[in-house]
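Here is the structure we will look at, set down as structure tokens.
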Amino acid sequence: MKIITVCGMGIGTSVLLKMNAEKALRGLGVDADVEAADIGTARGAARTAEIVLTSADLADEIGDVPAKVIVINNFTNTEEITSKLTEALS
Amino acid sequence: MEWLVAILDFIGQQILNVPAYLIGIITAIGLIALRRSAGQVIGGGLKAALGFLILGAGAGVVIASLDPLGELVLAVTGAQGVIPTNEVITAIAAEQYGAQGAYILTLGFIVMLILARFTPLHYIFLTGHHMVFMSIMLTVVLSVGLGESGQWAVVPLGAILVGVIMVVMPAFAQPWTRKITGDDTIAIGHFGTLGYIAAGASGQAVGRRSHSTEAINFPQGLRFLRDSMVATALSMVLIYWVFAIWGLIVLPLDEALGIFGSADVGAYIMAAFGSALQFGVGVAIILFGVRTVLGELVPAFQGIADKVVPGAKPALDIPIVFPYGPNAVLIGFIFSFIGGLVTLGIIAAWLNPVFGLALILPGMVPHFFTGGGAGVYGNATGGRVGAMVGGFVNGVLITILPALLLLVFGELGFENSTFGDADFGWFGALIGSSFLGGPVLGIVVSLLIAIILVVAASIFQRKVVDTGWTPGKRRDEYLAAQEAEAKADETASVGAAASEPAQTRAEAKAQAEGESKPDNT
Numbered sequence: 362m363k364i365i366t367v368c369g370m371g372i373g374t375s376v377l378l379k380m381n382a383e384k385a386l387r388g389l390g391v392d393a394d395v396e397a398a399d400i401g402t403a404r405g406a407a408r409t410a411e412i413v414l415t416s417a418d419l420a421d422e423i424g425d426v427p428a429k430v431i432v433i434n435n436f437t438n439t440e441e442i443t444s445k446l447t448e449a450l451s
Numbered sequence: 005m006e007w008l009v010a011i012l013d014f015i016g017q018q019i020l021n022v023p024a025y026l027i028g029i030i031t032a033i034g035l036i037a038l039r040r041s042a043g044q045v046i047g048g049g050l051k052a053a054l055g056f057l058i059l060g061a062g063a064g065v066v067i068a069s070l071d072p073l074g075e076l077v078l079a080v081t082g083a084q085g086v087i088p089t090n091e092v093i094t095a096i097a098a099e100q101y102g103a104q105g106a107y108i109l110t111l112g113f114i115v116m117l118i119l120a121r122f123t124p125l126h127y128i129f130l131t132g133h134h135m136v137f138m139s140i141m142l143t144v145v146l147s148v149g150l151g152e153s154g155q156w157a158v159v160p161l162g163a164i165l166v167g168v169i170m171v172v173m174p175a176f177a178q179p180w181t182r183k184i185t186g187d188d189t190i191a192i193g194h195f196g197t198l199g200y201i202a203a204g205a206s207g208q209a210v211g212r213r214s215h216s217t218e219a220i221n222f223p224q225g226l227r228f229l230r231d232s233m234v235a236t237a238l239s240m241v242l243i244y245w246v247f248a249i250w251g252l253i254v255l256p257l258d259e260a261l262g263i264f265g266s267a268d269v270g271a272y273i274m275a276a277f278g279s280a281l282q283f284g285v286g287v288a289i290i291l292f293g294v295r296t297v298l299g300e301l302v303p304a305f306q307g308i309a310d311k312v313v314p315g316a317k318p319a320l321d322i323p324i325v326f327p328y329g330p331n332a333v334l335i336g337f338i339f340s341f342i343g344g345l346v347t348l349g350i351i352a353a354w355l356n357p358v359f360g361l362a363l364i365l366p367g368m369v370p371h372f373f374t375g376g377g378a379g380v381y382g383n384a385t386g387g388r389v390g391a392m393v394g395g396f397v398n399g400v401l402i403t404i405l406p407a408l409l410l411l412v413f414g415e416l417g418f419e420n421s422t423f424g425d426a427d428f429g430w431f432g433a434l435i436g437s438s439f440l441g442g443p444v445l446g447i448v449v450s451l452l453i454a455i456i457l458v459v460a461a462s463i464f465q466r467k468v469v470d471t472g473w474t475p476g477k478r479r480d481e482y483l484a485a486q487e488a489e490a491k492a493d494e495t496a497s498v499g500a501a502a503s504e505p506a507q508t509r510a511e512a513k514a515q516a517e518g519e520s521k522p523d524n525t
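Protein chains in written order, with this note's numbering: chain H, 362 to 451; chain F, 5 to 525.
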């Protein structure tokens, strides 16, 4: 499974989100490939991914993509990420 | 023994002196320390090395696109035109300074861990690209300052300075950061911090009674600028065309056309357009490289930090505060850009002719990210007025400071790009100018600067941050009092029969809130 994390430049907060998502996935025992992307290439990257993690304002910009877009309010909160991922995976 | 010398020489020259391999090895070591599987270690290390090589490819594209612009600016204004873009100057500088920069990055990270462990400054700086930029910036400044004979000191001194700046800046910004996020769990680790503190302080000074930006129904049309590819390409097209048309007006036609080697005016205009897009292409390639390196390196660093300094506050990239004030981000960006243009005018009219400062052309990306951040900080203490003034002040800083930094950059000072964010400017210029009196004095002075910063930040942390000082308290009290008064008025005037209008009002308010924050719906 492929998951992408998105922020404006794809090098700052998305990398943070990627790390915390990986932590959450390890906790859930799910094997997934997590990649960081910037908002410019996110729509393209989302075509091959199952799940997109991003903030509320960027979720609007990603718009309609085949992947499931999940809004994370607090990028540092592993619990929020875990519960939202669990919901999406079930 | 000769074979041993030969092997060590091979390792030293052909592996550890090549930045890409070095970064790959450092990443692999980090992943081994985290006990990742062999596949993950090899894959991560290799990916980091490839990412670094991608940087070099992007740098070539960017330089090729910037050359004609530099020529054009020089021809029409007689001055050097510079577009501050961290990624670009890092990619350019990495070819010569990359290996030393990688050592500074790694040792600087260790210095940061030590400081975070043993001083009151419990911050772990996790903004990987800014760590890389700061390390490369200091490598350049120190290499120039220390000269041939002092090269041995570049890495140890650079590591100390990088480690220090990574823990002191989050501490200085923490009272404002805490006010924005509403709790004390995260810090800001971004080298535009001087701009954010200046925005928070000036916002407080001017916006004593101003309401929050988030109460405004703001058009969301400028959001597309958050896409860095669009923002970069668009701003470069504007800059290129301004100077291309200016060139057509003031230069002899042959000379102007010669800059792009164009046959006629149409081809000339479109060549400018094409070069501008090429710049966007180069930046996109470099960003892809940075992303590839950091996606592997930062998790390795964070894993180590978690083990060495448990419970430290993560210091994160500036967009982490953007959700706390989406309107403030746009206002800050616009006013930062205006501040940049005004300062460019001052440089062109006065500072360039008198002191020879380079013309710092506004880069859309630094203005968006640091200006947006400054808007959020200004709004936290001074509302709408604070966001405007804070953004403007940031724009002034990120235009004047890069010009000063170029003065201590030696040969790289003649490139058409430099570091954009405020802290690179003041810290680099400060360290660079401490070497004016020679290498030995420079080492002493820059170590003194490091000690003063750590002591000052520790005192600030103990006396200001830990005691819970909140900037802009008076305004909060004023606004709270006003709100309470409005509520009291409402109940008094509306009286008993008016539960209906009060309800409509509440509905209208809810609707307005819903409109101003469409993201939440």
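All C-beta atoms, glycine included, are put in the ideal place defined by N, C-alpha and C.
Nearest-angstrom Cα separation, counted from residue j out to residue i
{"i": "Thr-94/F", "j": "Phe-137/F", "result": "6 Å"}
{"i": "Asp-258/F", "j": "Ile-33/F", "result": "57 Å"}
{"i": "Asn-438/H", "j": "Asn-381/H", "result": "8 Å"}
{"i": "Ala-332/F", "j": "Gly-343/F", "result": "16 Å"}
{"i": "Gly-149/F", "j": "Val-294/F", "result": "27 Å"}
{"i": "Val-92/F", "j": "Gly-102/F", "result": "13 Å"}
{"i": "Leu-70/F", "j": "Gly-401/H", "result": "23 Å"}
{"i": "Gly-199/F", "j": "Ile-118/F", "result": "27 Å"}
{"i": "Thr-185/F", "j": "Tyr-328/F", "result": "7 Å"}
{"i": "Trp-250/F", "j": "Ile-243/F", "result": "11 Å"}
Simplified DSSP state of residue i, which is helix, strand or coil
{"i": "Phe-1/F", "result": "Any question about residue 1/F goes unanswered here, given that chain F covers just 5 to 525."}
{"i": "Ser-206/F", "result": "helix"}
{"i": "Val-395/H", "result": "strand"}
{"i": "Ala-449/H", "result": "helix"}
{"i": "Gly-265/F", "result": "coil"}
{"i": "Thr-422/F", "result": "strand"}
{"i": "Pro-314/F", "result": "coil"}
{"i": "Ile-433/H", "result": "coil"}
{"i": "Ala-53/F", "result": "helix"}
{"i": "Ala-362/F", "result": "coil"}
{"i": "Ala-500/F", "result": "Caution is warranted here: a pLDDT of 49 is assigned to Ala-500/F, below 50, making its placement in the model unreliable, and no coordinate value can be reported."}
{"i": "Thr-201/F", "result": "Here the sequence assigns Ile to residue 201/F, which means Thr is not the residue at that position. Ile-201/F: helix per DSSP, three-state reduction."}
{"i": "Ile-192/F", "result": "strand"}
{"i": "Ala-319/F", "result": "strand"}
{"i": "Arg-479/F", "result": "helix"}
The alpha helix (DSSP H) enclosing residue i, as first and last residue numbers
{"i": "Leu-414/H", "result": "Premise fails: Leu-414/H lies in the beta strand (DSSP E), 412 to 415, not in any alpha helix (DSSP H)."}
{"i": "Pro-357/F", "result": "356 to 359"}
{"i": "Val-444/F", "result": "443 to 464"}
{"i": "Asn-383/F", "result": "368 to 411"}
{"i": "Trp-180/F", "result": "158 to 185"}
{"i": "Gly-336/F", "result": "330 to 350"}
{"i": "Ile-29/F", "result": "23 to 37"}
{"i": "Ile-220/F", "result": "From DSSP, Ile-220/F is part of no alpha helix (DSSP H); its letter is neither H nor E."}
{"i": "Trp-236/F", "result": "For the sequence presented, residue 236/F should be read as Thr rather than Trp. That run of the alpha helix (DSSP H) goes 232 to 254."}
Residue i Cβ short of 7 Å to the ligand ADP heavy atom set
{"i": "Met-392/F", "result": "This structure simply doesn't include the ligand ADP, nor any ligand for that matter."}
Within-8 Å CB hit, residue i to chain H
{"i": "Ile-190/F", "result": "yes"}
{"i": "Leu-320/F", "result": "yes"}
{"i": "Asp-258/F", "result": "no"}
{"i": "Pro-366/F", "result": "no"}
{"i": "Asp-231/F", "result": "yes"}
{"i": "Pro-88/F", "result": "no"}
{"i": "Pro-314/F", "result": "no"}
{"i": "Pro-23/F", "result": "no"}
Closer than 8 Å to chain F by CB, residue i
{"i": "Ala-410/H", "result": "no"}
{"i": "Asp-392/H", "result": "no"}
{"i": "Lys-445/H", "result": "no"}
{"i": "Lys-363/H", "result": "no"}
{"i": "Ala-382/H", "result": "no"}
{"i": "Gly-401/H", "result": "yes"}
{"i": "Ser-451/H", "result": "no"}
Boundaries of the beta strand (DSSP E) in which residue i is found, first to last residue
{"i": "Val-367/H", "result": "363 to 368"}
{"i": "Ala-385/H", "result": "Where Ala-385/H is concerned, there is no enclosing beta strand (DSSP E), although the alpha helix (DSSP H) it sits in stretches over 374 to 389."}
{"i": "Val-86/F", "result": "85 to 88"}
*Can you list, in chain order, the residues of the segment 29 to 52 of chain F whose Cβ is nearer than 7 Å to any Cβ on chain H?*
none
*Could you name the residues of the segment 233 to 246 of chain F whose beta carbon sits closer than 8 Å to any beta carbon of chain H, in the order they occur along the chain?*
Met-233 and Val-234
*Name the residues in the segment 426 to 442 of chain H whose C-beta lies less than 7 Å from a C-beta of chain F; which are they?*
Phe-436 and Thr-437
*What residues from the segment 126 to 151 of chain F come within 8 Å of chain H, judged by C-beta to C-beta, listed N to C?*
Leu-130, Thr-131, Gly-132 and His-133
_By the 7 Å beta-carbon criterion, what residues does the segment 300 to 312 of chain F contribute toward chain H?_
Val-302, Pro-303 and Gln-306
_Where the segment 370 to 381 of chain H meets chain F: residues whose CB sits under 9 Å from a CB there_ = Met-370, Gly-371, Ile-372, Gly-373, Thr-374, Ser-375, Val-376, Leu-377, Lys-379 and Met-380
*Name the residues in the segment 282 to 302 of chain F whose C-beta lies less than 8 Å from a C-beta of chain H; which are they?*
Ala-288, Leu-291, Val-294, Arg-295, Leu-298, Gly-299 and Val-302
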